[in-house]
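Chains as they are written, first to last, in my numbering: chain A, 33 to 449; chain B, 33 to 449.
Even for Gly, the Cβ is constructed at its ideal location relative to N, Cα and C.
First the structure, in the form of structure tokens, and then the observations on it.
There are 2 protein chains.
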Amino acid sequence: MRHTSLTPRSDKMGKVDRKNQIRRNLILRALLDYGPKSLTDLAKITGMTLPVVSRTVSVLRREKLVIEPREKDTVQAGRPPSMVKLNGKAGFLLGIDIGRLFTNFIILDLETRIVSDTRRKSIPLSNDIGIIDELEKEIKVVLSLAGVEWSKLLGIGISLPGMVKGKEGLGETYFNFGDAPAREILSRRFDKPVHIEHDLEAMAFGERWFGAAKDVKNALCVNVGWGLGLGMILDGKVFYGEEGYAGEFGHIQVVRNGELCYCGKRGCLETVASGRAITKIARDRITKGASTIIVSEHKLTPDEIDTEAVVKGAARGDEFSIELLEDAGRYLGAGIAMLINLLNPALVILGGGIPTAAPSFLESVRAGAKKQSLVPLNRNVKFAVSSLGNKAGALGVAVYLAEDLFDVQRLNPSAYV
Amino acid sequence: MRHTSLTPRSDKMGKVDRKNQIRRNLILRALLDYGPKSLTDLAKITGMTLPVVSRTVSVLRREKLVIEPREKDTVQAGRPPSMVKLNGKAGFLLGIDIGRLFTNFIILDLETRIVSDTRRKSIPLSNDIGIIDELEKEIKVVLSLAGVEWSKLLGIGISLPGMVKGKEGLGETYFNFGDAPAREILSRRFDKPVHIEHDLEAMAFGERWFGAAKDVKNALCVNVGWGLGLGMILDGKVFYGEEGYAGEFGHIQVVRNGELCYCGKRGCLETVASGRAITKIARDRITKGASTIIVSEHKLTPDEIDTEAVVKGAARGDEFSIELLEDAGRYLGAGIAMLINLLNPALVILGGGIPTAAPSFLESVRAGAKKQSLVPLNRNVKFAVSSLGNKAGALGVAVYLAEDLFDVQRLNPSAYV
DNA sequence: TGAGAATAATTCAATGCTTTATTAAACTGA
DNA sequence: TCAGTTTAATAAAGCATTGAATTATTCTCA
């Protein structure tokens with residue numbers, strides 16, 4: 033499973049070797065999380081003693097995995113610390129967020145700086161093993177555009193829609209190639225570590241690393257796109273549930289005997305608060321004779337109305353559109369109120385097309401959520417619109433991968449610590 | 033914070049001392065979790081080497097904290113292992129589940145065997161510091177009834193209703209004594225470690241240790257008593273949420289513009305599926321002229337009807353009662369369906385008076401839950417009625433306390449491992 | 001019945017780690 | 001300006017840990 037120079041093969045390691053491995057990862061992980069640090073700080077963060085940190089770092093320095101940062105701002109008294117940071121140039125992380133329409137590629141260096149950020153038309157998602165070839169072609173293109181050598185790539189993280197079992201690296205709706213989990217197949221094919229993740233979990237992870245959920249232990253990421261998704265960060269970790277299916281927020285019932293949902297149930301949240309729902313309701317109402325400038329001015333037929341038209345209409349003050357978005361927001365707010373009551377989060381992040389494009393949407397959601405949740409629980413909840421936009425997923429899997437490369441837990445044999 | 037002979041004062045320990053402390057706790061915790069084990073097994077479980085386990089155990093043996101179990105069933109070849117187990121007589125754990133009507137006291141020995149199990153009328157719950165005196169009196173009575181010396185008590189776990197911040201040992205609705213968290217005050221007063229826990233979290237923990245949720249990583253414990261409560265075990269740990277308020281399941285809205293709930297909202301799940309709800313609905317319908325044998329045969333006035341009467345009626349085939357319970361069950365099922373969609377649990381446990389007394393209730397709940405949750409998520413969910421009854425809470429805090437006494441994490445300084 | 005096989009625990013020398021002391025490098029203030 | 005202070009890193013000594021070899025105990029089968 034381990035392929036890069038970062039992590040020597042661990043087939044038959046003694047206890048000392050494994051300890052060294054843990055120490056290396058402990059330091060690399062600390063540098064990944066906290067940025068440049070002195071030996072003393074590293075000792076404090078990792079819980080190791082200074083001599084051990086010193087020795088381990090000197091090995092990492094020799095291997096060019098860590099280097100001394102240039103900027104030396106010595107303001108305090110005492111011997112200036114010899115700072116250490118990850119060597120950005122030592123390797124790169126590729127995060128690929130494959131959506132139904134577009135695929136986002138993000139390359140990070142080891143200092144988690146964005147080296148390249150590419151958006152391309154998606155290869156058609158399927159369970160046909162042939163798509164690996166197409167994916168490889170795309171990756172090669174993206175790498176060459178960014179000027180990153182294949183050999184410098186430390187691993188590949190892939191975010192997929194539909195059902196995914198991240199822990200097992202198994203695609204279910206897509207990338208389900210039968211015999212082995214997608215992670216195994218891709219990992220062998222590319223001869224690099226591969227991490228497969230569900231799109232909303234990846235998004236949640238991205239927000240936790242780069243976005244609004246930084247340093248937040250309990251955050252919910254709600255994505256309002258064509259569908260409705262939820263990624264949960266609970267106790268600082270992405271929550272998967274027993275089988276990896278947690279977060280099916282779009283299909284909880286909010287309208288008794290409501291509209292029929294494509295999942296087979298009635299009155300799902302997704303039938304009243306999602307791009308799909310807004311489009312459908314707008315078309316229905318217009319067909320039934322509702323008058324609105326988004327039809328009269330743009331001369332659109334009902335079939336040409338989509339979420340974008342509604343969002344634009346709302347921005348121009350179109351009552352029809354505003355009402356539509358407000359209704360959806362209130363419903364979503366009611367759904368989020370349940371989440372607040374159940375999970376007592378510190379932060380709710382709204383992502384996806386609608387919250388990003390329509391600033392007032394957040395307010396409807398917040399109002400709905402506050403109205404229907406208990407005060408002790410909603411008192412301190414913060415609401416935010418994702419600042420990462422459609423990059424959250426790709427960023428998320430990229431750092432997921434980094435954490436995987438520097439994973440400490442798996443090396444520790446104890447059941448408890 | 034540490035008081036017993038189990039855990040030496042840790043004011044100023046070197047790294048070696050702390051390591052030894054961790055090793056001790058690692059072994060004690062393993063014995064707590066897995067029961068009697070050989071040195072070799074302990075080495076495997078804890079990840080330590082045999083010589084280290086051997087030395088540590090010999091110290092623990094000298095301190096009489098662990099002993100050799102009597103039964104020696106040597107069936108296999110080879111030198112028979114020298115088994116080790118916790119010395120049950122070395123100390124006792126007191127778990128107190130303070131309810132609004134009754135208080136359950138459970139004393140466990142270190143082998144987590146129930147030494148005594150007492151149910152007494154509750155002292156009135158309040159924020160008056162005077163109740164500590166009353167509590168102490170009660171504890172003294174329970175201990176003397178059980179023949180357990182005060183000095184042998186390793187600590188006290190207390191489960192409380194209302195709002196509680198378990199991590200901080202802080203009572204909010206009750207046991208809120210102002211200046212310091214209840215844990216600190218009680219701990220100083222009794223000169224023993226004290227653990228404060230929310231009643232539903234304690235119940236969840238009890239189920240995880242002794243009941244249906246044994247070895248289950250993701251389980252939900254729903255308590256249907258006078259109110260409606262939820263304790264969640266996510267990824268093997270009790271989930272608290274950001275501020276410790278998670279699990280307010282009873283106040284998520286299930287009926288739009290429904291009955292007014294005492295929390296101020298309308299249509300809360302608790303207004304249709306709880307002891308309070310069933311009693312209210314039964315009285316309302318009877319007042320409005322509904323005919324049922326639970327009134328005609330027992331000659332009860334509407335005000336004398338309670339949940340118990342309805343449950344008994346249902347057991348005797350009374351259509352009125354059956355329907356009432358079925359409706360409540362279906363509503364609860366719908367609520368649980370949301371939980372299943374959101375959290376993808378492996379197990380849902382129903383506790384409290386109604387599920388315990390009315391066997392058919394589980395079926396209504398299960399049917400409702402299956403109907404309104406997605407198939408991939410509900411396919412493998414198991415439903416069970418709590419087998420621990422009203423003991424779950426007291427058992428839960430008692431072992432919570434044990435885990436606390438043998439806690440490894442807190443001694444480990446590393447941020448990662 | 002006793003030698004060998006199997007399993008478990010202990011011993012001990014080599015290795016590695018923690019601790020304490022020392023060196024290094026900068027700032028502070030009389 | 002220089003001794004004292006502060007902070008950081010390294011060196012060395014003593015002690016704890018590892019891992020291989022040894023001892024211990026029972027079972028199996030000739």
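Using a Cβ cut-off of 7 angstroms, pull out every chain A residue sitting near residue i, in sequence order please.
i: H283/B; result: N373, L406
i: K297/B; result: Q404
i: D450/B; result: Since the displayed chain B opens at 33 and closes at 449, residue 450/B lies outside it and no answer follows.
i: L266/B; result: L266, F271
Residue i by DSSP, collapsed to three states: which one?
i: R151/B; result: strand
i: E95/B; result: coil
i: H330/B; result: coil
i: T135/A; result: strand
i: R298/A; result: strand
i: R409/A; result: Inspection of the sequence shows that residue 409/A is occupied by Leu rather than by Arg. L409/A: helix per DSSP, three-state reduction.
i: K121/B; result: helix
i: E229/A; result: strand
i: F415/A; result: strand
i: I318/B; result: helix
i: M115/A; result: strand
i: L192/A; result: strand
i: L64/B; result: helix
i: G162/B; result: coil
i: N441/B; result: The residue you asked about is not Asn; residue 441/B is Gln in the sequence shown. Helix, per DSSP.
i: I337/B; result: coil
i: I325/B; result: helix
i: I128/A; result: strand
i: E146/A; result: Per the sequence presented here, residue 146/A reads as Ile, with Glu not at that position. Three-state DSSP puts I146/A in a strand.
i: S306/A; result: coil
i: Q53/B; result: helix
i: D43/A; result: Caution is warranted here: a pLDDT of 45 is assigned to D43/A, below 50, making its placement in the model unreliable, and the coordinate value is therefore given only provisionally. Correct three-state label for D43/A: coil.
i: L157/A; result: coil
i: D350/B; result: coil
With 16 as the cutoff for other CB atoms within 10 Å, does residue i come out buried or exposed?
i: A122/B; result: buried
i: S306/B; result: buried
i: N289/B; result: exposed
i: R432/B; result: Looking at the sequence shown, residue 432/B is not Arg but Tyr. Looking at its Cβ environment, which holds 16 or more other Cβ atoms inside 10 Å, Y432/B is buried.
i: F134/A; result: exposed
i: M33/A; result: For M33/A, the predicted structure reports a pLDDT of 36, less than 50, and the residue's modelled location is therefore unreliable. The matter cannot be settled from this model.
i: H330/B; result: exposed
i: D43/B; result: The pLDDT assigned to D43/B is 47, lower than 50, so where the model puts this residue is not dependable, and the model offers no usable value.
i: G367/A; result: buried
i: D247/A; result: exposed
i: K69/B; result: buried
i: Y363/A; result: buried
i: V455/A; result: Not covered by the structure: residue 455/A. The range shown for chain A is 33 to 449.
i: N376/B; result: buried
i: P83/A; result: exposed
i: R442/B; result: exposed
List, in chain order, every chain B residue whose beta-carbon is nearer than 7 angstroms to that of residue i.
i: N376/A; result: G273, E274, E275, Y277, A278
i: L465/A; result: As displayed, chain A neither begins before 33 nor continues past 449, which places residue 465/A out of reach and without an answer.
i: A366/A; result: Q285
i: L409/A; result: Y277, E280
Which residues in chain B sit within 9 angstroms of residue i, going by Cβ to Cβ distance?
i: T81/A; result: K47
Could you tell me which chain B residues have their CB closer than 8 angstroms to the CB of residue i, listed as they occur along the chain?
i: L382/A; result: What L382/A touches in chain B: nothing, since even the nearest Cβ is about 17 angstroms away.
So with CB distances below 9 angstroms, who are the chain A contacts of residue i?
i: N412/B; result: E274, E275
Please compile the residues from chain A whose C-beta is within a distance smaller than 8 angstroms of the C-beta of residue i.
i: M370/B; result: I284, Q285, M370
Listed in chain order, which residues of the segment 227 to 256 of chain B have Cβ atoms closer than 8 angstroms to some Cβ of chain A?
K249, N250
What ranges does the beta strand (DSSP E) occupy inside the segment 200 to 277 of chain B, keeping only unbroken runs of at least 3 residues that lie completely in it?
226 to 230, 251 to 256, 260 to 266
The segment 185 to 208 of chain B: which residues have C-beta closer than 9 angstroms to a C-beta of chain A, in chain order?
M195, E204
Scan the segment 412 to 439 of chain B for residues whose Cβ lies nearer than 9 angstroms to a Cβ of chain A and list them as they occur along the chain.
N412, V413
Which full runs of the beta strand (DSSP E) of 3+ residues lie inside the segment 360 to 409 of chain A, going along the chain?
379 to 383
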